[in-house]
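What follows is a single structure, written as structure tokens, with notes after it.
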Amino acid sequence: MDFNGLFSNFGELTTTGLTQGAIYALVALGYTLVYGVLRLINFAHSEVFIAGAFAAIWTWNGFGLDQNSQVSGVGSILFYLLVAMIVAAIASAGTATVIERVAYRPLRKRNAPPLAFLITAIGASIAISEAFGIWTRRLPEGAPSLVSSKPLFHLFGVPIDSVQLLTIGAALLMMVLLDLFINRSRTGRGIRAVAQDANTAALMGVNKDRIILMVFITGGAMAGVAGLLYDVRIQTLTYSVGFLLGLKAFTAAVLGGIGNLRGALIGGLLLGVVENYAAGLFGSQWKDFAAFAVLVVLLMFRPTGLLGESLGRARA
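According to my numbering, the residues represented by the sequence shown are 39 to 354, in order.
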């Protein structure tokens, strides 16, 4: 165990962990939304993330940008980021909509058992992943260098760059907007009502199918933004990267309390930090092991996660 390496790089490991954890958190929001309403683990959500990530890269390609392109000027950078974010969110939301309509809705109409949903989710995940693999010929796609990774300033001696600020700031902003949407809007009240008691909500005039579709669309949009941030941070994307990232995002949702929106954010940030600390202490090969080991240990003592409040009982 390299304690000297951990303490000497503590600040950088923390900021890097928070940056990665912010991406986990955005993807985890989709898992926790769907589970909070349907009590369904949507394992196809990792491919919803991939759809947004590829859509962002292909949008930049449409503007003539590739992995070797350098973009200068704040206005140009913001334009490319904003357009790609919108396209990524739409692509992921559209993918989530297709999954809900084609894979899950027919099962709900037939009152299928939970195991059927689980198998369908896994099948949809593999099918979409393989479709992207065929489309890209299983080759990596490169993203242009839009945001500089050079340090902007130092915080307590730790260098902070534009990518870290963008990733963490965007995740926090999206979380705040989602929290306001769920707790303050009419649709959000419908989502909480269906999450608490779907049959009673339907008797009171809530369109359950419409609400469920909105849940998938909202979670998909969050995953699309996460895909964009992943492209900006990593700058290389493969069709299979969603599998492990999706598992970690699901782990983050469980850590925070599955079905709890704010818990998903906390769980994601915590997971990113813990796995980076483990990499600094034991070596990078222990990074993934530590992420899931923390989940097992936490659930032994707190099975409901850190916050443990369901979406149906959430309050503003």
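We treat Cβ as the ideally placed atom computed from N, Cα and C, and that holds for glycine.
Keep in mind the model is a prediction, meaning the values are calculated, not measured.
Glu-179 is bridged by DSSP to Leu-275. Contact check between the region 76 to 85 and the region 278 to 288: three or more CB pairs, one atom from each, fall below 8 Å, which counts as touching.
For Glu-179 and Arg-148, the gap between their C-alpha atoms comes out near 40 Å. The residue from Gly-195, Ala-317, Leu-211, Asn-106 with its alpha-carbon nearest to that of Gln-273 is Asn-106. Going by DSSP, Phe-191 is part of no alpha helix (DSSP H) but of the beta strand (DSSP E) stretching over 189 to 193.
Beta-bridge partners assigned by DSSP to Asp-199: Pro-189. Rounded to whole angstroms, the Cβ separation of Val-125 and Thr-158 is 28 Å, and the two are not in contact under 8 Å.
By the beta-carbon neighbour count (other beta carbons within 10 angstroms, threshold 16), Val-335 is exposed. DSSP, read as helix, strand or coil, puts Gln-108 in strand.
Boundaries of the alpha helix (DSSP H) around Thr-97: 83 to 100.
Taking Val-270 as reference, the option from Phe-320, Leu-116, Thr-133 with the minimal CA-CA separation is Leu-116. One Cα belongs to Gly-343, the other to Gln-234, and the distance between them is close to 19 Å.
Rounded to the nearest whole angstrom, the C-alpha separation of Gly-301 and Val-75 is 16 Å.
Assigned with DSSP and collapsed to three states, Ala-150 falls in coil, not helix or strand. CA-to-CA, the gap between Met-242 and Lys-325 works out to about 48 Å. In this structure, the CA atom of Leu-120 is about 32 Å from the CA atom of Ala-329.
With contacts defined by Cβ atoms closer than 8 Å, Val-311 and Gly-59 form a contacting pair.
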